[in-house]
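To start, the structure itself, in C-alpha coordinates.
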(Lines of atoms letter the chains of each structure in order from A; the text may use other names.)
(Lines give C-alpha, C1' and ligand atoms only; values in the text may rest on other atoms or scores of the structure.)
Protein backbone atom coordinates (compact mmCIF):
# COMPACT_ATOMS: atom_id res chain seq x y z
CA UNK A 7 0.00 0.00 0.00
CA UNK A 8 2.86 2.38 0.65
CA UNK A 9 3.97 4.40 -2.36
CA UNK A 10 7.55 5.18 -3.26
CA UNK A 11 6.96 8.92 -3.42
CA UNK A 12 5.66 9.02 0.15
CA UNK A 13 8.11 6.53 1.62
CA UNK A 14 10.20 9.37 3.08
CA UNK A 15 7.30 10.39 5.30
CA UNK A 16 6.91 8.33 8.48
CA UNK A 17 3.66 6.45 8.92
CA UNK A 18 1.14 8.09 11.27
CA UNK A 19 1.87 5.78 14.21
CA UNK A 20 5.59 5.33 13.69
CA UNK A 21 7.28 5.43 17.08
CA UNK A 22 4.25 4.01 18.94
CA UNK A 23 4.92 0.63 20.55
CA UNK A 24 2.12 -1.72 21.54
CA UNK A 25 2.06 -4.92 23.59
CA UNK A 26 -0.81 -7.13 22.42
CA UNK A 27 -1.55 -9.69 25.15
CA UNK A 28 -5.13 -10.21 24.00
CA UNK A 29 -6.54 -13.38 22.46
CA UNK A 30 -8.79 -14.21 19.56
CA UNK A 31 -10.00 -11.17 17.62
CA UNK A 32 -11.48 -7.99 19.12
CA UNK A 33 -8.58 -6.28 20.92
CA UNK A 34 -6.01 -7.95 18.63
CA UNK A 35 -7.78 -6.40 15.62
CA UNK A 36 -7.22 -2.98 17.18
CA UNK A 37 -3.53 -3.92 17.14
CA UNK A 38 -3.79 -4.91 13.49
CA UNK A 39 -5.21 -1.51 12.59
CA UNK A 40 -2.48 0.26 14.58
CA UNK A 41 0.21 -1.92 12.99
CA UNK A 42 -1.07 -1.25 9.46
CA UNK A 43 -0.37 2.43 10.07
CA UNK A 44 3.11 2.09 11.47
CA UNK A 45 2.88 1.13 15.14
CA UNK A 46 5.28 -1.54 16.37
CA UNK A 47 2.93 -4.20 17.73
CA UNK A 48 4.43 -7.05 19.74
CA UNK A 49 2.00 -9.96 19.93
CA UNK A 50 2.53 -11.87 23.19
CA UNK A 51 1.21 -15.44 23.37
CA UNK A 52 1.36 -18.26 25.88
CA UNK A 53 4.46 -20.39 25.14
CA UNK A 54 2.50 -23.61 24.73
CA UNK A 55 -1.09 -22.65 24.01
CA UNK A 56 -0.65 -19.69 21.69
CA UNK A 57 -3.55 -17.54 20.54
CA UNK A 58 -6.69 -19.61 19.76
CA UNK A 59 -7.12 -17.49 16.63
CA UNK A 60 -4.32 -19.56 15.09
CA UNK A 61 -6.79 -22.46 14.95
CA UNK A 62 -9.93 -20.46 14.05
CA UNK A 63 -10.97 -20.55 10.41
CA UNK A 64 -9.54 -22.31 7.38
CA UNK A 65 -6.31 -24.20 8.15
CA UNK A 66 -3.20 -23.89 6.00
CA UNK A 67 -0.12 -26.02 5.52
CA UNK A 68 1.88 -23.96 8.03
CA UNK A 69 -0.47 -24.91 10.88
CA UNK A 70 -2.03 -21.45 11.25
CA UNK A 71 -5.37 -20.48 9.71
CA UNK A 72 -6.10 -17.89 7.07
CA UNK A 73 -7.71 -15.77 9.79
CA UNK A 74 -4.42 -15.66 11.67
CA UNK A 75 -2.34 -14.95 8.56
CA UNK A 76 -4.65 -12.03 7.74
CA UNK A 77 -5.45 -10.51 11.11
CA UNK A 78 -2.09 -10.99 12.85
CA UNK A 79 -0.25 -9.30 9.99
CA UNK A 80 2.46 -6.74 10.63
CA UNK A 81 2.93 -7.94 14.23
CA UNK A 82 6.05 -9.26 15.89
CA UNK A 83 5.27 -12.56 17.63
CA UNK A 84 6.80 -13.53 20.94
CA UNK A 85 5.90 -16.02 23.66
CA UNK A 86 5.69 -15.11 27.33
CA UNK A 87 3.85 -16.77 30.21
CA UNK A 88 2.32 -13.90 32.19
CA UNK A 89 1.44 -16.27 35.05
CA UNK A 90 5.08 -17.30 35.46
CA UNK A 91 6.98 -15.02 37.89
CA UNK A 92 9.85 -14.50 35.46
CA UNK A 93 7.44 -14.05 32.56
CA UNK A 94 5.52 -11.40 34.48
CA UNK A 95 8.78 -9.67 35.40
CA UNK A 96 9.83 -9.54 31.75
CA UNK A 97 6.42 -8.17 30.82
CA UNK A 98 6.77 -5.36 33.36
CA UNK A 99 10.17 -4.48 31.91
CA UNK A 100 8.62 -4.27 28.46
CA UNK A 101 5.75 -2.15 29.79
CA UNK A 102 8.26 0.45 30.92
CA UNK A 103 9.27 0.96 27.27
CA UNK A 104 5.94 0.95 25.43
CA UNK A 105 2.92 3.18 24.90
CA UNK A 106 -0.03 0.79 24.78
CA UNK A 107 -1.19 -2.57 26.13
CA UNK A 108 -4.11 -4.42 24.51
CA UNK A 109 -6.04 -7.02 26.51
CA UNK A 110 -9.40 -8.77 26.37
CA UNK A 111 -9.42 -11.14 29.33
CA UNK A 112 -12.43 -11.33 31.61
CA UNK A 113 -12.50 -8.34 33.98
CA UNK A 114 -10.38 -9.05 37.03
CA UNK A 115 -7.93 -11.39 35.30
CA UNK A 116 -5.05 -8.93 35.06
CA UNK A 117 -5.71 -7.87 38.64
CA UNK A 118 -5.51 -11.52 39.71
CA UNK A 119 -2.10 -11.77 38.02
CA UNK A 120 -0.94 -8.57 39.76
CA UNK A 121 -0.78 -6.87 36.37
CA UNK A 122 -3.64 -4.39 36.75
CA UNK A 123 -3.52 -1.26 34.60
CA UNK A 124 -2.93 0.88 37.68
CA UNK A 125 0.04 -1.25 38.73
CA UNK A 126 1.42 -1.05 35.19
CA UNK A 127 1.04 2.74 35.20
CA UNK A 128 3.09 2.80 38.37
CA UNK A 129 5.87 1.63 36.06
CA UNK A 130 4.86 3.76 33.07
CA UNK A 131 2.49 6.66 33.90
CA UNK A 132 1.81 7.36 30.21
CA UNK A 133 0.58 3.84 29.49
CA UNK A 134 -2.71 3.42 27.62
CA UNK A 135 -4.51 0.12 28.23
CA UNK A 136 -7.26 -1.07 25.90
CA UNK A 137 -9.62 -3.40 27.75
CA UNK A 138 -12.19 -5.25 25.61
CA UNK A 139 -14.61 -7.66 27.26
CA UNK A 140 -18.08 -9.01 26.65
CA UNK A 141 -19.90 -6.47 28.85
CA UNK A 142 -17.24 -3.95 29.90
CA UNK A 143 -15.32 -3.46 33.14
CA UNK A 144 -18.37 -2.36 35.18
CA UNK A 145 -21.98 -3.42 35.65
CA UNK A 146 -23.65 -6.59 36.92
CA UNK A 147 -22.60 -8.65 33.87
CA UNK A 148 -18.95 -7.55 33.93
CA UNK A 149 -17.57 -10.98 34.83
CA UNK A 150 -19.53 -13.02 32.31
CA UNK A 151 -17.96 -14.51 29.17
CA UNK A 152 -19.20 -13.67 25.71
CA UNK A 153 -18.36 -13.67 22.03
CA UNK A 154 -19.54 -11.60 19.08
CA UNK A 155 -22.58 -13.83 18.57
CA UNK A 156 -23.75 -13.04 22.11
CA UNK A 157 -22.90 -9.35 21.69
CA UNK A 158 -25.02 -9.10 18.55
CA UNK A 159 -27.99 -10.39 20.52
CA UNK A 160 -27.47 -8.35 23.68
CA UNK A 161 -26.68 -5.16 21.75
CA UNK A 162 -29.89 -5.31 19.70
CA UNK A 163 -28.45 -6.10 16.27
CA UNK A 164 -29.63 -9.70 15.85
CA UNK A 165 -33.19 -8.71 16.82
CA UNK A 166 -33.33 -6.59 13.67
CA UNK A 167 -31.74 -9.13 11.30
CA UNK A 168 -34.11 -11.39 9.34
CA UNK A 169 -37.50 -11.45 7.68
CA UNK A 170 -40.54 -10.11 9.56
CA UNK A 171 -42.04 -13.58 10.04
CA UNK A 172 -38.75 -15.38 10.61
CA UNK A 173 -36.25 -15.98 13.37
CA UNK A 174 -33.33 -13.62 14.04
CA UNK A 175 -30.41 -14.45 11.75
CA UNK A 176 -26.68 -13.80 11.68
CA UNK A 177 -26.16 -10.15 10.68
CA UNK A 178 -23.48 -10.82 8.09
CA UNK A 179 -20.19 -11.83 9.68
CA UNK A 180 -20.44 -13.78 12.92
CA UNK A 181 -17.39 -11.78 14.08
CA UNK A 182 -18.82 -8.33 13.32
CA UNK A 183 -18.82 -7.18 16.96
CA UNK A 184 -15.20 -8.25 17.29
CA UNK A 185 -14.11 -6.24 14.28
CA UNK A 186 -16.18 -3.22 15.33
CA UNK A 187 -14.79 -3.39 18.86
CA UNK A 188 -11.32 -3.47 17.37
CA UNK A 189 -12.05 -0.34 15.35
CA UNK A 190 -13.54 1.48 18.34
CA UNK A 191 -10.56 0.26 20.35
CA UNK A 192 -8.04 1.63 17.86
CA UNK A 193 -9.86 4.97 17.91
CA UNK A 194 -9.90 4.98 21.70
CA UNK A 195 -6.19 4.19 21.86
CA UNK A 196 -5.35 7.07 19.53
CA UNK A 197 -7.52 9.47 21.53
CA UNK A 198 -5.87 8.36 24.77
CA UNK A 199 -2.41 8.67 23.23
CA UNK A 200 -3.22 12.26 22.30
CA UNK A 201 -4.09 12.96 25.94
CA UNK A 202 -0.89 11.23 27.10
CA UNK A 203 1.13 13.45 24.77
CA UNK A 204 -0.39 16.57 26.31
CA UNK A 205 -0.58 15.53 29.94
CA UNK A 206 1.86 12.67 30.44
CA UNK A 207 -1.02 10.60 31.86
CA UNK A 208 -2.23 7.31 30.48
CA UNK A 209 -5.69 5.82 30.95
CA UNK A 210 -7.88 2.79 30.24
CA UNK A 211 -10.03 2.42 27.12
CA UNK A 212 -13.00 0.27 28.24
CA UNK A 213 -15.17 -1.40 25.57
CA UNK A 214 -17.92 -4.01 25.87
CA UNK A 215 -18.45 -6.04 22.71
CA UNK A 216 -22.19 -5.34 22.73
CA UNK A 217 -21.60 -1.57 22.93
CA UNK A 218 -19.81 -1.61 19.59
CA UNK A 219 -22.94 -2.74 17.76
CA UNK A 220 -25.48 -0.93 19.93
CA UNK A 221 -23.88 2.42 19.06
CA UNK A 222 -24.59 1.83 15.36
CA UNK A 223 -28.34 1.08 15.44
CA UNK A 224 -29.60 4.25 13.77
CA UNK A 225 -32.38 5.97 15.74
CA UNK A 226 -33.67 2.92 17.60
CA UNK A 227 -32.79 4.28 21.05
CA UNK A 228 -34.25 7.80 20.73
CA UNK A 229 -37.29 6.47 18.82
CA UNK A 230 -38.09 4.06 21.65
CA UNK A 231 -37.43 6.63 24.37
CA UNK A 232 -39.55 9.29 22.70
CA UNK A 233 -42.36 7.28 21.10
CA UNK A 234 -42.14 3.75 22.53
CA UNK A 235 -41.41 2.35 19.07
CA UNK A 236 -39.74 -1.06 19.02
CA UNK A 237 -38.24 -1.58 15.59
CA UNK A 238 -38.94 -5.09 14.33
CA UNK A 239 -37.30 -7.22 11.67
CA UNK A 240 -38.04 -5.92 8.18
CA UNK A 241 -35.84 -8.06 5.95
CA UNK A 242 -34.10 -5.76 3.49
CA UNK A 243 -36.48 -2.86 4.19
CA UNK A 244 -35.95 0.06 6.56
CA UNK A 245 -38.71 1.90 8.42
CA UNK A 246 -38.01 5.45 7.30
CA UNK A 247 -37.79 5.34 3.47
CA UNK A 248 -39.31 3.37 0.58
CA UNK A 249 -38.20 1.85 -1.79
CA UNK A 250 -34.94 0.99 -0.11
CA UNK A 251 -34.06 -2.67 -0.35
CA UNK A 252 -33.05 -5.66 -2.47
CA UNK A 253 -34.59 -6.89 -5.70
CA UNK A 254 -33.90 -9.83 -8.00
CA UNK A 255 -33.24 -9.24 -11.68
CA UNK A 256 -34.17 -11.36 -14.70
CA UNK A 257 -30.80 -13.10 -14.75
CA UNK A 258 -31.07 -14.23 -11.14
CA UNK A 259 -28.79 -11.56 -9.65
CA UNK A 260 -29.75 -9.43 -6.66
CA UNK A 261 -29.35 -5.66 -6.53
CA UNK A 262 -29.67 -2.98 -3.88
CA UNK A 263 -31.60 0.18 -4.73
CA UNK A 264 -31.65 3.11 -2.32
CA UNK A 265 -34.26 5.85 -2.64
CA UNK A 266 -33.58 8.04 0.36
CA UNK A 267 -35.44 11.13 -0.86
CA UNK A 268 -38.44 12.20 -2.91
CA UNK A 269 -36.15 13.47 -5.67
CA UNK A 270 -34.43 10.12 -6.01
CA UNK A 271 -37.76 8.32 -6.18
CA UNK A 272 -38.88 10.67 -8.94
CA UNK A 273 -35.73 9.72 -10.87
CA UNK A 274 -36.44 6.03 -10.31
CA UNK A 275 -40.05 6.43 -11.47
CA UNK A 276 -38.79 8.12 -14.63
CA UNK A 277 -36.22 5.37 -15.16
CA UNK A 278 -38.96 2.75 -14.76
CA UNK A 279 -40.96 4.47 -17.50
CA UNK A 280 -43.69 5.39 -15.02
CA UNK A 281 -43.12 9.04 -14.07
CA UNK A 282 -46.73 9.25 -12.85
CA UNK A 283 -45.73 7.18 -9.82
CA UNK A 284 -44.01 10.29 -8.43
CA UNK A 285 -47.13 12.41 -8.86
CA UNK A 286 -48.79 14.13 -5.89
CA UNK A 287 -51.75 11.75 -5.98
CA UNK A 288 -49.55 8.64 -5.97
CA UNK A 289 -46.18 8.29 -4.19
CA UNK A 290 -44.53 11.71 -4.38
CA UNK A 291 -43.67 11.89 -0.68
CA UNK A 292 -41.91 9.58 1.72
CA UNK A 293 -45.06 9.40 3.86
CA UNK A 294 -47.12 8.26 0.87
CA UNK A 295 -44.60 5.60 -0.04
CA UNK A 296 -44.32 4.29 3.52
CA UNK A 297 -48.12 4.03 3.71
CA UNK A 298 -48.10 2.01 0.48
CA UNK A 299 -44.85 0.12 1.16
CA UNK A 300 -46.04 -3.21 -0.25
CA UNK A 301 -47.41 -1.69 -3.46
CA UNK A 302 -44.32 0.44 -4.10
CA UNK A 303 -41.94 -2.43 -3.45
CA UNK A 304 -44.03 -4.64 -5.71
CA UNK A 305 -43.80 -2.17 -8.57
CA UNK A 306 -40.02 -2.01 -8.24
CA UNK A 307 -39.85 -5.81 -8.00
CA UNK A 308 -41.82 -6.23 -11.22
CA UNK A 309 -39.59 -3.73 -13.02
CA UNK A 310 -36.36 -5.33 -11.80
CA UNK A 311 -37.58 -8.81 -12.70
CA UNK A 312 -37.91 -7.76 -16.33
CA UNK A 313 -34.28 -6.65 -16.70
CA UNK A 314 -30.88 -8.21 -16.45
CA UNK A 315 -28.60 -6.74 -13.81
CA UNK A 316 -26.34 -4.94 -16.27
CA UNK A 317 -29.30 -3.35 -18.06
CA UNK A 318 -30.90 -2.29 -14.79
CA UNK A 319 -27.62 -0.81 -13.60
CA UNK A 320 -27.14 1.16 -16.79
CA UNK A 321 -30.64 2.63 -16.50
CA UNK A 322 -30.11 3.57 -12.85
CA UNK A 323 -26.71 5.09 -13.55
CA UNK A 324 -28.10 7.22 -16.35
CA UNK A 325 -30.96 8.37 -14.12
CA UNK A 326 -28.79 9.10 -11.06
CA UNK A 327 -30.44 6.41 -8.94
CA UNK A 328 -28.13 4.80 -6.35
CA UNK A 329 -27.89 1.07 -6.93
CA UNK A 330 -25.36 -1.72 -6.63
CA UNK A 331 -25.00 -5.46 -7.03
CA UNK A 332 -25.29 -7.81 -4.05
CA UNK A 333 -21.80 -9.23 -4.48
CA UNK A 334 -20.44 -12.58 -3.41
CA UNK A 335 -16.73 -12.74 -2.64
CA UNK A 336 -16.23 -14.19 -6.13
CA UNK A 337 -17.95 -11.11 -7.58
CA UNK A 338 -15.73 -8.85 -5.49
CA UNK A 339 -12.58 -10.54 -6.79
CA UNK A 340 -13.76 -10.04 -10.37
CA UNK A 341 -14.88 -6.43 -10.00
CA UNK A 342 -12.72 -3.88 -11.86
CA UNK A 343 -13.46 -1.11 -9.35
CA UNK A 344 -12.18 -3.27 -6.48
CA UNK A 345 -9.05 -3.93 -8.53
CA UNK A 346 -8.58 -0.26 -9.35
CA UNK A 347 -8.86 0.71 -5.70
CA UNK A 348 -6.36 -1.93 -4.63
CA UNK A 349 -8.76 -3.46 -2.11
CA UNK A 350 -7.15 -6.88 -2.45
CA UNK A 351 -3.47 -7.15 -1.55
CA UNK A 352 -1.38 -10.01 -2.91
CA UNK A 353 1.80 -11.11 -1.21
CA UNK A 354 4.03 -14.16 -1.04
CA UNK A 355 4.33 -15.52 2.48
CA UNK A 356 7.40 -17.64 3.28
CA UNK A 357 5.26 -20.23 5.07
CA UNK A 358 2.27 -20.67 2.76
CA UNK A 359 3.09 -18.98 -0.53
CA UNK A 360 0.70 -16.59 -2.25
CA UNK A 361 -1.94 -14.90 -0.12
CA UNK A 362 -4.65 -12.36 -0.88
CA UNK A 363 -5.61 -10.16 2.07
CA UNK A 364 -8.05 -7.26 2.44
CA UNK A 365 -6.32 -3.91 2.15
CA UNK A 366 -6.14 -1.57 5.16
CA UNK A 367 -8.74 1.13 5.66
CA UNK A 368 -8.73 4.16 5.63
CA UNK A 369 -6.74 5.29 2.61
CA UNK A 370 -4.27 8.08 3.44
CA UNK A 371 -2.81 9.89 0.46
CA UNK A 372 0.47 11.01 2.04
CA UNK A 373 1.17 8.39 4.71
CA UNK A 374 -0.56 5.21 3.57
CA UNK A 375 -0.77 1.92 5.38
CA UNK A 376 1.85 -0.71 4.64
CA UNK A 377 1.58 -4.48 4.58
CA UNK A 378 4.96 -5.78 5.75
CA UNK A 379 4.13 -9.43 6.32
CA UNK A 380 1.31 -11.82 7.16
CA UNK A 381 0.78 -13.32 10.60
CA UNK A 382 4.00 -14.95 11.77
CA UNK A 383 4.77 -18.22 13.51
CA UNK A 384 4.34 -18.50 17.27
CA UNK A 385 7.44 -17.15 18.99
CA UNK A 386 9.09 -16.06 15.74
CA UNK A 387 10.37 -12.83 17.30
CA UNK A 388 10.79 -13.83 20.95
CA UNK A 389 14.56 -13.84 20.97
CA UNK A 390 14.82 -10.65 18.93
CA UNK A 391 12.47 -8.75 21.28
CA UNK A 392 14.26 -9.93 24.42
CA UNK A 393 17.68 -9.27 22.98
CA UNK A 394 17.01 -5.90 21.36
CA UNK A 395 14.58 -4.39 23.87
CA UNK A 396 15.73 -5.87 27.16
CA UNK A 397 19.38 -6.63 26.36
CA UNK A 398 19.16 -10.30 27.32
CA UNK A 399 22.01 -12.58 26.29
CA UNK A 400 21.49 -15.87 24.48
CA UNK A 401 22.26 -17.84 27.65
CA UNK A 402 19.62 -15.97 29.64
CA UNK A 403 17.03 -16.48 26.91
CA UNK A 404 17.80 -20.20 26.78
CA UNK A 405 17.37 -20.43 30.55
CA UNK A 406 14.00 -18.68 30.37
CA UNK A 407 12.91 -21.11 27.71
CA UNK A 408 13.96 -24.11 29.79
CA UNK A 409 12.08 -22.69 32.76
CA UNK A 410 8.86 -22.22 30.76
CA UNK A 411 8.74 -18.44 31.12
CA UNK A 412 8.93 -17.97 27.35
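Residue numbers (my numbering): 7 to 412. Glycine included, each C-beta is placed from N, C-alpha and C at the ideal position.
request  = Can you grab the Cα-Cα spacing for the pair residue 245 / residue 306, in whole Å?
outcome  = 17 Å
inquiry  = Could you compute how far the alpha carbon of residue 343 sits from the alpha carbon of residue 264?
reply    = Approximately 20 Å between the Cα atoms of the pair.
request  = Evaluate residue 185 with the Cβ neighbour count: other Cβ atoms within 10 Å of its Cβ, from every protein chain shown; 16 or more gives buried, anything less gives exposed.
outcome  = buried
key: Given residue 274 as reference, the closest of 17, 324, 240 and 189 once Cα atoms are compared   = 324
ask   = Should the region 161-174 be regarded as contacting the region 226-242, the criterion being three or more beta carbon pairs within less than 8 Å?
value = In short, these stretches touch, since the Cβ pair count reaches three.
key: As assigned by DSSP and simplified to three states, the class of residue 367   = DSSP places residue 367 in coil when its eight states are reduced to three.
task = Below 8 Å CB to CB, which residues in the same chain sit around residue 397 once its five sequence neighbours on both sides are set aside?
result = none
ask   = residue 229 to residue 221, Cα distance in whole Å?
value = 14 Å
task = Mind reading off the beta-carbon distance from residue 211 to residue 198? Whole number of angstroms is fine, and I expect it under 8 Å.
result = 6 Å
inquiry  = Relative to the C-alpha of residue 209, which candidate in 140, 122 and 180 has its C-alpha closest?
reply    = That would be 122, whose Cα lies nearest to the Cα of residue 209.
task = Have a look at residue 341 and residue 315 and give me their C-alpha separation to the nearest angstrom.
result = 14 Å
ask   = Looking at C-alpha atoms only, which residue of 251, 110 and 88 is the closest neighbour of residue 33?
value = 110
ask   = How many angstroms separate the CA atom of residue 200 from the CA atom of residue 44?
value = The alpha-carbon atoms of residue 200 and residue 44 are separated by roughly 16 Å.
query = Enumerated in chain order, which unbroken segments of the beta strand (DSSP E) with a length of 3 residues or greater are wholly contained in the region 98-179?
reply = 106-109 and 134-139
query = Should residue 216 and residue 141 be called a contact, given that it needs their Cβ atoms to be closer than 8 Å?
reply = Inclusion of residue 216 and residue 141 in the CB contact set at 8 Å is warranted, their separation being smaller than that value.
task = Determine, using beta carbons only, whether residue 18 and residue 373 come nearer to each other than 8 Å.
result = yes
ask   = Any idea what DSSP makes of residue 20, helix, strand or coil?
value = coil
Distance between residue 278 and residue 317 (C-alpha atoms, nearest Å) = 12 Å
key: Length of the line joining the Cα atoms of residue 365 and residue 339   = 13 Å
ask   = Excluding sequence positions up to five away, which residues of its chain have a Cβ less than 8 Å from the Cβ of residue 312?
value = For residue 312, same chain residues with a beta-carbon under 8 Å away, outside a window of 5 residues either side, are 256 in chain order.
Proximity of residue 218 and residue 31 at Cβ, strictly below 8 Å = no
ask   = How far does the alpha helix (DSSP H) with residue 261 in it reach, from first residue to last?
value = For residue 261, no alpha helix (DSSP H) run applies; the uninterrupted beta strand (DSSP E) run containing it begins and ends at 260-264, by DSSP.
task = Just tell me which of 394, 386 and 402 has its CA closest to the CA of residue 85.
result = Nearest in C-alpha terms to residue 85, of all of 394, 386 and 402, is 386.
query = So, are the CB atoms of residue 68 and residue 354 less than 8 Å apart?
reply = no
request  = Specify the secondary structure class of residue 330 as computed by DSSP and reduced to three states.
outcome  = Taken through DSSP and simplified to helix, strand or coil, residue 330 comes out as strand.
message = At the level of alpha carbons, what is the spacing between residue 383 and residue 204?
response = 37 Å
query = For residue 253, which beta-bridge partners are listed by DSSP?
reply = 261
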